[in-house]
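> Chains A, B, C and D are the protein sequences, given in the same order.
In short: position in the first sequence from 1, add 22, done, that's my numbering.
In short: position in the second sequence from 1, add 22, done, that's my numbering.
In short: position in the third sequence from 1, add 656, done, that's my numbering.
In short: position in the fourth sequence from 1, add 656, done, that's my numbering.
Ideal Cβ positions, reconstructed from N, Cα and C, are used throughout, including at glycine.
Computed from a predicted structure; not experimentally measured.
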Amino acid sequence: MKNKLISLEDAVALIPDGASLLIGGFMAVGGPNRLVDELIRQGKRDLTIIANDTSRPTYGLGKLVVEKLVRKVVTSHIGLNADTQKQMIAGAIEVELVPQGTLAERIRAGGVGLGGVLTPTGVGTIVEEGKRTVEIDGTTYLLELPIKADFALVSAKQADLYGNLTYALTARNFNPLMAMAGATVIAEAEDILPVGCIPPDAVMTPSVLVDHIVTTAAR
Amino acid sequence: MKNKLISLEDAVALIPDGASLLIGGFMAVGGPNRLVDELIRQGKRDLTIIANDTSRPTYGLGKLVVEKLVRKVVTSHIGLNADTQKQMIAGAIEVELVPQGTLAERIRAGGVGLGGVLTPTGVGTIVEEGKRTVEIDGTTYLLELPIKADFALVSAKQADLYGNLTYALTARNFNPLMAMAGATVIAEAEDILPVGCIPPDAVMTPSVLVDHIVTTAAR
Amino acid sequence: MDEKTLIARRVALELMDGDLVNLGIGLPTLVARYVPAGRHVFFQSENGIVGMSGPITGAENHDLTDAGGSPISALPGAASFDSALSFGLIRGGHLDVTVLGGLQVDRAGRLANWMVPGKMVPGMGGAMDLVTGARRVIVAMQHSAKGEPKIVEHCALPLTSVRRVDLVVTDLAVIEPTDAGLVLKETAPGVTVEQVLANTGCELIIAPDLRSMPIEG
Amino acid sequence: MDEKTLIARRVALELMDGDLVNLGIGLPTLVARYVPAGRHVFFQSENGIVGMSGPITGAENHDLTDAGGSPISALPGAASFDSALSFGLIRGGHLDVTVLGGLQVDRAGRLANWMVPGKMVPGMGGAMDLVTGARRVIVAMQHSAKGEPKIVEHCALPLTSVRRVDLVVTDLAVIEPTDAGLVLKETAPGVTVEQVLANTGCELIIAPDLRSMPIEG
Numbered sequence: 023m024k025n026k027l028i029s030l031e032d033a034v035a036l037i038p039d040g041a042s043l044l045i046g047g048f049m050a051v052g053g054p055n056r057l058v059d060e061l062i063r064q065g066k067r068d069l070t071i072i073a074n075d076t077s078r079p080t081y082g083l084g085k086l087v088v089e090k091l092v093r094k095v096v097t098s099h100i101g102l103n104a105d106t107q108k109q110m111i112a113g114a115i116e117v118e119l120v121p122q123g124t125l126a127e128r129i130r131a132g133g134v135g136l137g138g139v140l141t142p143t144g145v146g147t148i149v150e151e152g153k154r155t156v157e158i159d160g161t162t163y164l165l166e167l168p169i170k171a172d173f174a175l176v177s178a179k180q181a182d183l184y185g186n187l188t189y190a191l192t193a194r195n196f197n198p199l200m201a202m203a204g205a206t207v208i209a210e211a212e213d214i215l216p217v218g219c220i221p222p223d224a225v226m227t228p229s230v231l232v233d234h235i236v237t238t239a240a241r
Numbered sequence: 023m024k025n026k027l028i029s030l031e032d033a034v035a036l037i038p039d040g041a042s043l044l045i046g047g048f049m050a051v052g053g054p055n056r057l058v059d060e061l062i063r064q065g066k067r068d069l070t071i072i073a074n075d076t077s078r079p080t081y082g083l084g085k086l087v088v089e090k091l092v093r094k095v096v097t098s099h100i101g102l103n104a105d106t107q108k109q110m111i112a113g114a115i116e117v118e119l120v121p122q123g124t125l126a127e128r129i130r131a132g133g134v135g136l137g138g139v140l141t142p143t144g145v146g147t148i149v150e151e152g153k154r155t156v157e158i159d160g161t162t163y164l165l166e167l168p169i170k171a172d173f174a175l176v177s178a179k180q181a182d183l184y185g186n187l188t189y190a191l192t193a194r195n196f197n198p199l200m201a202m203a204g205a206t207v208i209a210e211a212e213d214i215l216p217v218g219c220i221p222p223d224a225v226m227t228p229s230v231l232v233d234h235i236v237t238t239a240a241r
Numbered sequence: 657m658d659e660k661t662l663i664a665r666r667v668a669l670e671l672m673d674g675d676l677v678n679l680g681i682g683l684p685t686l687v688a689r690y691v692p693a694g695r696h697v698f699f700q701s702e703n704g705i706v707g708m709s710g711p712i713t714g715a716e717n718h719d720l721t722d723a724g725g726s727p728i729s730a731l732p733g734a735a736s737f738d739s740a741l742s743f744g745l746i747r748g749g750h751l752d753v754t755v756l757g758g759l760q761v762d763r764a765g766r767l768a769n770w771m772v773p774g775k776m777v778p779g780m781g782g783a784m785d786l787v788t789g790a791r792r793v794i795v796a797m798q799h800s801a802k803g804e805p806k807i808v809e810h811c812a813l814p815l816t817s818v819r820r821v822d823l824v825v826t827d828l829a830v831i832e833p834t835d836a837g838l839v840l841k842e843t844a845p846g847v848t849v850e851q852v853l854a855n856t857g858c859e860l861i862i863a864p865d866l867r868s869m870p871i872e873g
Numbered sequence: 657m658d659e660k661t662l663i664a665r666r667v668a669l670e671l672m673d674g675d676l677v678n679l680g681i682g683l684p685t686l687v688a689r690y691v692p693a694g695r696h697v698f699f700q701s702e703n704g705i706v707g708m709s710g711p712i713t714g715a716e717n718h719d720l721t722d723a724g725g726s727p728i729s730a731l732p733g734a735a736s737f738d739s740a741l742s743f744g745l746i747r748g749g750h751l752d753v754t755v756l757g758g759l760q761v762d763r764a765g766r767l768a769n770w771m772v773p774g775k776m777v778p779g780m781g782g783a784m785d786l787v788t789g790a791r792r793v794i795v796a797m798q799h800s801a802k803g804e805p806k807i808v809e810h811c812a813l814p815l816t817s818v819r820r821v822d823l824v825v826t827d828l829a830v831i832e833p834t835d836a837g838l839v840l841k842e843t844a845p846g847v848t849v850e851q852v853l854a855n856t857g858c859e860l861i862i863a864p865d866l867r868s869m870p871i872e873g
């Protein structure tokens with residue numbers, strides 16, 4: 023079987039300009055911050071980013087915005103990265119704001135092959151604009167559509183050489199959802215382990231979902 | 023805080039005749055088989071059962087059917103319990119057949135507060151009958167509605183005294199989904215542990231979802 | 657006692673033993689300090705944990721943070737999970753209480769707290785799910801801002817949800833939205849009904865059992 | 657070689673290195689025995705595991721079974737999960753191949769394999785999700801049953817999915833459903849085209865590169 027371990031440089035070289043990227047993490051905690059730094063080093067541009075937030079200007083994927091590599095962002099929160107708001111107001115970056123729970127379900131729906139989900143969140147607010155509503159037993163729901171992307175960039179605590187992943191505590195967040203919804207999935211991991219060292223019940227992302235593994239350990 | 027540990031007898035005594043029950047397990051593997059036996063001993067009747075399958079006549083919830091305690095079953099498979107088919111044909115039991123993946127998503131939707139999900143599974147087959155369809159970008163999906171129940175009966179490998187649960191291997195199956203979708207959740211567990219003995223990342227069902235814990239250890 | 661402490665202490669009285677509670681950033685975070693003795697409350701952080709507590713100095717870790725990215729700790733019996741389960745707890749009706757800050761609350765009890773068009777567009781984060789899904793929504797906020805009432809006839813700002821919140825706790829009053837309108841239930845220590853009314857932008861119904869907040873200085 | 661072994665061996669040649677594969681109960685289960693050397697295939701059991709293998713005698717455990725409830729084992733690198741994730745793998749397009757038994761396949765390549773109205777109503781289990789969601793659907797079945805063709809103009813039995821399957825492997829032939837119709841690609845060792853046609857209930861297109869199954873006795 024093909025070895026999934028790949029260099030940071032080679033992994034990011036797979037990503038073309040204009041690609042759509044699901045990026046794990048929450049305020050860059052549990053974010054694939056090595057992969058993000060390498061995106062900047064290689065100067066990838068016109069990216070579409072789907073992520074919980076745009077972090078801070080100096081941390082994790084926040085830097086992608088500051089470096090003006092992002093064309094569009096789909097996210098629940100941009101409040102701690104002034105650059106995102108500034109570029110949005112200037113028309114330099116398109117921002118689609120999505121309630122956080124809806125964002126999680128939309129990415130999950132993309133990953134598990136659902137055509138959409140019905141959520142009560144956002145009904146009657148400006149989030150409803152342009153969306154279909156469905157009424158069920160007198161309650162109105164928004165029809166929210168799945169999100170998929172060309173790549174998912176995730177950050178793991180452990181990876182075995184098949185690509186099974188574990189995440190630690192609140193660093194888990196969006197990572198396992200995104201690992202299902204990327205056409206190509208690249209995982210950076212602190213520890214790379216031999217196959218069989220992660221018990222089956224501890225695996226949070228099964229190996230078959232992961233295409234490439236990058237080590238973040240110092241070499 | 024209220025101690026969630028309760029005797030098998032008291033736990034089942036909470037369940038009235040006519041109740042709807044989500045019952046974990048897959049061919050009764052990982053099923054709450056002690057709770058099921060106690061349902062039979064206490065002679066609960068007119069039950070509505072939501073479960074992956076009706077097991078075999080002599081094993082797990084299959085016995086509920088044989089004992090004629092079930093009015094309706096919502097399930098994906100009845101093939102290994104001839105009693106279910108027999109009672110269905112005789113009109114003694116109502117059977118709603120649901121594709122297995124759809125059943126999982128409907129229960130999950132009930133537990134996570136979605137109004138429904140759109141699935142391609144079943145489109146153009148007899149499963150479509152009586153259901154709304156939604157077309158998205160030229161693809162047709164079935165609108166499948168959430169499932170909730172009065173009680174969820176689940177089986178865990180470990181429970182701590184707050185009610186955090188772990189499941190082992192393929193005994194996990196529907197249990198964590200059902201633990202979100204029951205108005206009252208009763209878990210039977212092989213090992214009852216002090217609080218703090220299950221690491222946060224190993225917890226599969228957070229304590230706040232569980233109402234009562236029953237030990238299955240021999241006394 | 658400053659105003660924020662007063663609000664946090666009053667809100668904390670609403671938390672019951674065994675409750676699952678999510679506190680918004682800012683003022684609501686203070687509530688955790690004042691949970692009445694003998695009540696065990698499970699605090700959720702929506703980035704993926706139930707059972708969070710303040711950080712252990714010297715033992716902070718980058719894998720264990722709150723929704724703002726600040727270090728926390730996990731109490732015994734904590735559970736961690738992904739974002740879909742975290743919001744499943746919220747949207748699915750498993751969250752007993754959420755405490756959120758507010759920009760405006762209207763006479764129907766509807767909250768606006770996530771954007772000021774043209775000025776501040778941080779995004780809604782988890783707020784819309786929290787207000788839509790929590791069993792009880794408590795708004796904790798200053799009664800007025802720069803002299804302008806924050807409790808108003810109609811919200812000028814975009815709503816967070818059309819769902820009516822359950823309680824509004826301010827530095828001046830405790831107000832309960834009902835079918836009949838906003839009911840003034842309690843006044844802050846030393847605050848008169850007239851002061852509350854003068855700082856409120858819409859009609860309030862005075863509760864027959866109006867009382868002073870059960871908070872001792 | 658008996659007919660089932662022939663079918664299983666031919667199907668196994670379709671499995672590629674690194675594939676995630678789900679085998680239906682009955683005949684398809686045999687396929688696992690004949691995976692070509694040098695190809696590592698990940699077998700899923702839809703009750704919640706990737707990386708299953710046959711049971712270890714004497715080490716069976718009630719927490720580790722296949723979808724029929726029979727003991728299995730977990731290979732190094734296996735992963736277990738709940739039913740929602742298991743079918744997320746299937747519906748979400750992550751399953752490379754499913755191999756399923758069949759009652760009928762129609763000229764459009766559509767499968768019926770889950771019920772015989774009035775006679776056998778076992779329920780669809782995971783079959784509808786598997787046929788709808790797998791990247792490749794391979795039907796492994798006898799070419800005819802009690803002298804009646806199972807490959808027919810129109811399925812008399814309820815369909816499992818309207819999705820066209822990718823390959824049908826029988827004891828007589830390998831048939832590929834296409835836009836133009838059912839294409840006869842291979843005949844079993846010692847079987848003539850005439851025998852295949854005589855046992856098929858609808859038109860078959862003979863592939864220009866028709867060959868004998870690459871299976872040695």
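Taking 8 Å as the cut-off, does the segment 214 to 224 of chain A touch the segment 730 to 749 of chain D (at least 3 CB pairs, one atom from each stretch)?
Touching, yes.
> Given that residue 135 of chain A touches chain B, what residues does it touch there, using C-beta distances under 8 Å?
Here the neighbours are 141 and 142.
> Under a CB-based cut-off of 8 Å, is residue 794 of chain C close to chain A?
With 8 Å as the cut-off, residue 794 of chain C does not count as an interface residue toward chain A.
> Determine the chain A residues that contact residue 699 of chain D at a beta-carbon separation under 9 Å, and present them in chain order.
Under the 9 Å cutoff, chain A gives no residues; its nearest Cβ is about 11 Å from residue 699 of chain D.
> According to DSSP, is residue 81 of chain A part of a helix, a strand, or is it coil?
It is coil, neither helix nor strand.
> So, do the segment 229 to 237 of chain A and the segment 178 to 197 of chain A have three or more beta carbon pairs nearer to each other than 8 Å?
Because the criterion of three Cβ pairs below 8 Å is met, the segment 229 to 237 of chain A and the segment 178 to 197 of chain A touch.
> Taking the CB atoms as reference points, tell me whether residue 52 of chain A and residue 45 of chain A lie closer together than 8 Å.
Taking 8 Å as the Cβ cut-off, residue 52 of chain A and residue 45 of chain A do not qualify as a contacting pair.
> Closer than 8 Å by beta-carbon distance: list the chain B residues that pair up with residue 705 of chain C, in chain order.
Those are 222, listed as they occur along chain B.
> Which residues, in chain order, does the segment 115 to 130 of chain A contribute to contact with chain C at a C-beta distance below 9 Å?
Correct list: 117, 119, 120, 121, 122, 123, 124, 125, 126, 127, 129 and 130.
> Return yes when the Cβ of residue 818 of chain C is within less than 8 Å of the Cβ of residue 831 of chain C, no when it is not.
Cβ atoms of residue 831 of chain C and residue 818 of chain C: not closer than 8 Å.
> Would you check if the segment 749 to 767 of chain C and the segment 810 to 828 of chain C touch, i.e. whether three or more CB-CB distances between them fall below 8 Å?
With a cut-off of 8 Å, the segment 749 to 767 of chain C and the segment 810 to 828 of chain C count as touching, because enough Cβ pairs lie within range.
> Do the segment 183 to 197 of chain B and the segment 717 to 731 of chain D meet, that is, are 3 or more Cβ pairs less than 8 Å apart?
The segment 183 to 197 of chain B vs the segment 717 to 731 of chain D: in contact.
> Taking a Cβ distance cut-off of 7 Å, strictly less, list which residues of the segment 669 to 698 of chain C are near chain B, in chain order.
Against chain B - using a Cβ distance shorter than 7 Å - the residues of the segment 669 to 698 of chain C are 673, 674, 676, 696 and 698.
> Hey, residue 794 of chain C and residue 857 of chain C: beta-carbon distance below 8 Å or not?
No, the Cβ-Cβ distance between residue 794 of chain C and residue 857 of chain C is not below 8 Å.
> Considering only DSSP beta bridges, list what residue 11 of chain B is partnered with.
Nothing about residue 11 of chain B can be reported from this structure: the residues present for chain B run from 23 to 241 only.
> On the three-state DSSP scale, how would you describe residue 737 of chain D?
Correct three-state label for residue 737 of chain D: coil.
> Would you verify that the beta carbon of residue 29 of chain B is, or is not, closer than 8 Å to some beta carbon of chain D?
Residue 29 of chain B does not count as touching chain D.
> Which residue comes first and which comes last in the alpha helix (DSSP H) that contains residue 663 of chain C?
Segment 659 to 668, the alpha helix (DSSP H) holding residue 663 of chain C.
> Listing by chain order, which chain A residues have their CB less than 8 Å from the CB of residue 3 of chain B?
The shown model of chain B, from 23 to 241, leaves out residue 3 of chain B, and the question about it has no answer.
> For chain A, is any of its Cβ atoms less than 8 Å away from the one on residue 740 of chain C?
Yes, because at least one Cβ of chain A sits closer than 8 Å to the Cβ of residue 740 of chain C.
> How would you label residue 757 of chain D, buried or exposed, when you count the other beta carbons within 10 angstroms and need 16 or more for buried?
Residue 757 of chain D comes out buried.
> Closest Cβ-Cβ distance between residue 187 of chain B and chain A: below 8 Å?
For residue 187 of chain B, the answer is no, since every Cβ of chain A falls outside 8 Å of its Cβ.
> Return the first residue and the last residue of the alpha helix (DSSP H) that residue 107 of chain B is part of.
Residues 104 to 111.
> Under 8 Å Cβ to Cβ from residue 784 of chain D, same chain only, skipping five residues before and after it: list those, please.
Hits under 8 Å: 770, 816 and 817.
> So residue 163 of chain B contacts chain A; which residues on that side make the cut at Cβ distance below 9 Å?
Under the 9 Å cutoff, chain A gives 136, 137 and 138.
> Between which two residues does the alpha helix (DSSP H) harbouring residue 851 of chain D extend?
Element bounds for residue 851 of chain D: 849 to 854.
> To the nearest angstrom, report how far apart residue 172 of chain B and residue 62 of chain B are at their CA atoms.
One C-alpha to the other measures close to 18 Å.
> Can you look up residue 800 of chain C in the DSSP assignment and give me helix, strand or coil?
Strand at residue 800 of chain C.
> Only counting the same chain, and skipping five residues up and downstream in sequence, which positions put a Cβ closer than 6 Å to that of residue 811 of chain C?
The residues are 760, 762 and 768.
> What are the residues in the segment 187 to 202 of chain A lying within 9 Å of chain C by C-beta distance?
Listed in sequence order: 189, 190, 191, 192, 193, 194, 195, 196, 197, 198 and 199.
> Nearest by alpha-carbon distance to residue 216 of chain A: which of A:103, A:228 and A:185 is it?
Cα-wise, what sits closest to residue 216 of chain A is A:185.
> Three Cβ pairs or more, each shorter than 8 Å: is that satisfied between the segment 774 to 781 of chain C and the segment 736 to 753 of chain C?
Because the criterion of three Cβ pairs below 8 Å is not met, the segment 774 to 781 of chain C and the segment 736 to 753 of chain C do not touch.
> Taking the beta carbon of residue 60 of chain A as the centre, do at least 16 other beta carbons fall within 10 Å, making it buried, or is it exposed?
It counts as buried.
> Between residue 746 of chain D and chain B, is any beta-carbon pair separated by less than 8 Å?
Output row for residue 746 of chain D: interface = yes.
> Would you mind working out which of A:107, A:96, A:94 and A:48 sits nearest residue 82 of chain A, comparing C-alpha positions?
Closest option to residue 82 of chain A, Cα to Cα, is A:48.
> Determine the extent of the beta strand (DSSP E) in which residue 157 of chain B is found, giving its start and end residues.
First-last of the beta strand (DSSP E) with residue 157 of chain B: 155 to 158.
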